[in-house]
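Trainee:
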Amino acid sequence: MEKVRLGNTGMVVNKNGLGCLPIQRVNMEEAIRIFRRAYDAGITFYDTARAYTDSEEKLGNAFSPSMRQKIFIATKSMARDPDGLKKDLETSLRLLKTDHVDLFQFHFSPECYRPGDEFGIYECALKAKEEGKILHLGITTHKLSVAREAIDSGLYETLQYPFSYLSTPEEEALTRDTEEKGLGFIAMKALAGGLISNARAAYAYMRKFPNVLPIWGIQKMEELEQFLELGENPPDLEEEAVLSRIRADREMLGGEFCRGCGYCMPCPAGIQIPTLARMELFIKRARVEDYITPYWREEMKKVENCLHCGQCHRHCPYELDASKLLEKNARFFWKYLKENNL
């Protein structure tokens with residue numbers, strides 16, 4: 001299996017990392033089964049977060065002390081003050097059933113935290129590192145400007161950033177910059193929030209970047225088995241079928257589109273923004289019958305109640321105008337139903 005060296009951290013891991021956000025959606029027994037199958041297959045990097053409800057608890061219950069010694073666990077905190085960060089870290093350690101996390105990351109960072117800033121969380125993390133509770137310190141962000149600042153700051157050992165074959169040339173440049181500065185690069189949303197449906201093409205693209213560790217969000221055993229197979233028999237980016245799929249997806253999905261990260265939620269008007277702002281893409285690319293149900297028709301009607309308050313725009317890390325995306329998708333949705341007599 002191919003390996004990735006995470007910058008200067010000393011961590012060398014399987015090219016398949018496991019993202020533990022979706023594991024919230026399955027019960028404890030199934031989560032443990034998935035984690036242990038991943039472990040048996042050689043996956044050594046597991047990325048979770050304090051914000052992922054019971055994800056840490058499931059991860060902690062999956063591995064015995066002897067198994068824990070053979071894997072790397074990364075977690076995150078969205079705390080913006082020292083007390084909150086200390087509390088999150090202690091909770092994470094307790095739920096993960098460990099005395100340290102291999103990588104602790106500032107989660108969804110709106111800026112590059114530094115020593116001496118108004119927040120004080122960087123110094124707090126350093127103290128935890130001195131105490132051995134944190135081995136390495138990283139940052140996650142959805143903002144290109146913050147990512148660049150974090151790389152140039154020399155303060156972090158890893159960067160986690162949304163990265164897929166829909167990424168821009170400017171975002172691809174981050175992979176080179178992190179390699180030059182000795183940072184590990186962790187790719188979240190390697191399937192673009194579910195919009196990329198061809199795992200083979202996604203995996204082939206990631207192989208273009210030897211220093212990039214994709215963390216695949218897994219919630220079903222069959223999904224895990226698919227990536228394990230790709231790890232054993234990695235696809236070539238030059239395969240015509242792979243190139244054709246990447247070209248087609250870039251043509252359809254390039255530009256402004258919702259990644260489904262959910263940071264715009266909750267909506268004061270009760271609109272399910274991450275789904276409804278992508279409805280056209282779901283209907284064109286997924287099982288149509290899943291999205292034309294009475295339930296989604298009722299949900300789509302709520303777009304008419306949009307308050308145009310701007311809250312979603314302010315919270316969107318990609319600075320998308322969600323209200324316009326909602327209106328566009330609503331027009332497509334109702335037109336599609338009418339034209340197809342549904």
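Start counting the sequence shown at 1; every next residue gets the next number (this note's numbering). Glycine is no exception: its CB is placed at the ideal position from the N, C-alpha and C atoms. The structure displayed is predicted, hence computed values, not measured ones.
Quick check on the DSSP output: what are the complete alpha helix (DSSP H) runs of length 4 or more inside the region 96-146, in order along the chain?
Mentor: Counting whole runs of 4 or more residues, the region 96-146 contains the alpha helix (DSSP H) stretches 121-130.
Trainee: Gly-217 and Leu-191: beta carbons closer than 9 angstroms?
Mentor: Their beta carbons are under 9 angstroms apart, which means Gly-217 touches Leu-191 by this criterion.
Trainee: Measuring alpha carbon to alpha carbon, tell me which residue in Ile-246, Gly-260, Cys-261 is nearest Glu-254.
Mentor: For the sequence presented, residue 254 should be read as Gly rather than Glu. Considering only alpha carbons, the answer is Ile-246.
Trainee: Leu-89 and Ala-128 look like a contact to me (Cβ under 8 angstroms); what is the Cβ gap, rounded to whole Å?
Mentor: Confirmed, about 6 angstroms.
Trainee: Out of Phe-35, Gln-69, Val-242, point me to the one whose CA is closest to Asn-61's CA.
Mentor: Of Phe-35, Gln-69, Val-242, the residue nearest in Cα terms is Phe-35.
Trainee: Does the Cβ-Cβ distance between Leu-85 and Ile-121 come in under 9 angstroms?
Mentor: In this structure, Ile-121 lies closer than 9 angstroms to Leu-85 by Cβ.
Trainee: Consult DSSP for Ile-347 and reduce its assignment to one of helix, strand or coil.
Mentor: In the structure displayed, the chain extends from 1 to 342; residue 347 sits before or after that span and is not available.
Trainee: List the endpoints of the continuous alpha helix (DSSP H) containing Phe-227.
Mentor: Where Phe-227 is concerned, the enclosing alpha helix (DSSP H) stretches over 221-232.
Trainee: With a floor of 4 residues, list each alpha helix (DSSP H) that falls wholly inside the region 230-293, ordered by position along the chain.
Mentor: Counting whole runs of 4 or more residues, the region 230-293 contains the alpha helix (DSSP H) stretches 240-253, 273-276, 279-285.
Trainee: Could you tell me if Arg-94 is buried or exposed, where buried requires 16 or more neighbouring beta carbons within 10 angstroms of its beta carbon?
Mentor: With fewer than 16 Cβ atoms within 10 Å of its Cβ, Arg-94 is classed as exposed.
Trainee: Any idea if Pro-115 is buried or exposed, counting beta-carbon neighbours within 10 angstroms, 16 or more meaning buried?
Mentor: Exposed, because fewer than 16 other Cβ atoms sit within 10 Å of the Cβ of Pro-115.
Trainee: In or out: Val-13 buried (at least 16 other Cβ within 10 Å) or exposed?
Mentor: So Val-13 counts as buried.
Trainee: Would you mind sorting Met-66 into buried or exposed? The rule is 16 or more other CB atoms within 10 Å of its CB.
Mentor: Note that residue 66 is Ser in the sequence shown, not Met. So Ser-66 counts as exposed.
Trainee: Report buried or exposed for Lys-220, applying the criterion of at least 16 other Cβ atoms within 10 angstroms of its Cβ.
Mentor: Its Cβ having fewer than 16 others within 10 Å, Lys-220 is exposed.
Trainee: Less than 7 angstroms between C-beta atoms, sequence neighbours within five positions excluded: which residues of the same chain meet that for Arg-25?
Mentor: The answer, listed in chain order, is Gln-219.
Trainee: So is Ser-244 buried or exposed if we call it buried at 16+ other beta carbons inside 10 Å?
Mentor: Per the 10 Å Cβ criterion, exposed.
Trainee: Beta strand (DSSP E) containing Leu-21: first to last residue?
Mentor: It is not in any beta strand (DSSP E) - Leu-21 carries neither H nor E in the DSSP assignment.
Trainee: Where do the ends of the beta strand (DSSP E) carrying Gln-160 lie?
Mentor: Unbroken beta strand (DSSP E) run through Gln-160: 158-162.
Trainee: Whole angstroms are fine: how far does the CA of Leu-195 sit from the CA of Ala-147?
Mentor: Rounded to whole angstroms, Ala-147 to Leu-195 spans 23 angstroms at the Cα level.
Trainee: Under a CB-based cut-off of 9 angstroms, is Glu-240 close to chain D?
Mentor: You won't find chain D in this structure, because it holds only one protein chain.
Trainee: Below 8 angstroms on the Cβ atoms is my contact criterion, and I expect Phe-119 with Asp-83 to pass it. Report the Cβ-Cβ distance as a whole number of Å.
Mentor: Phe-119 to Asp-83, Cβ: 11 angstroms. No contact.
Trainee: Taking 6 angstroms as the limit between beta carbons, can you name the residues of its chain near Phe-163, skipping five residues before and five after?
Mentor: Around Phe-163: Ala-187.
Trainee: Is it buried or exposed, Ala-173, if we count other Cβ atoms within 10 angstroms and call 16 or more buried?
Mentor: Ala-173 should be labelled exposed.
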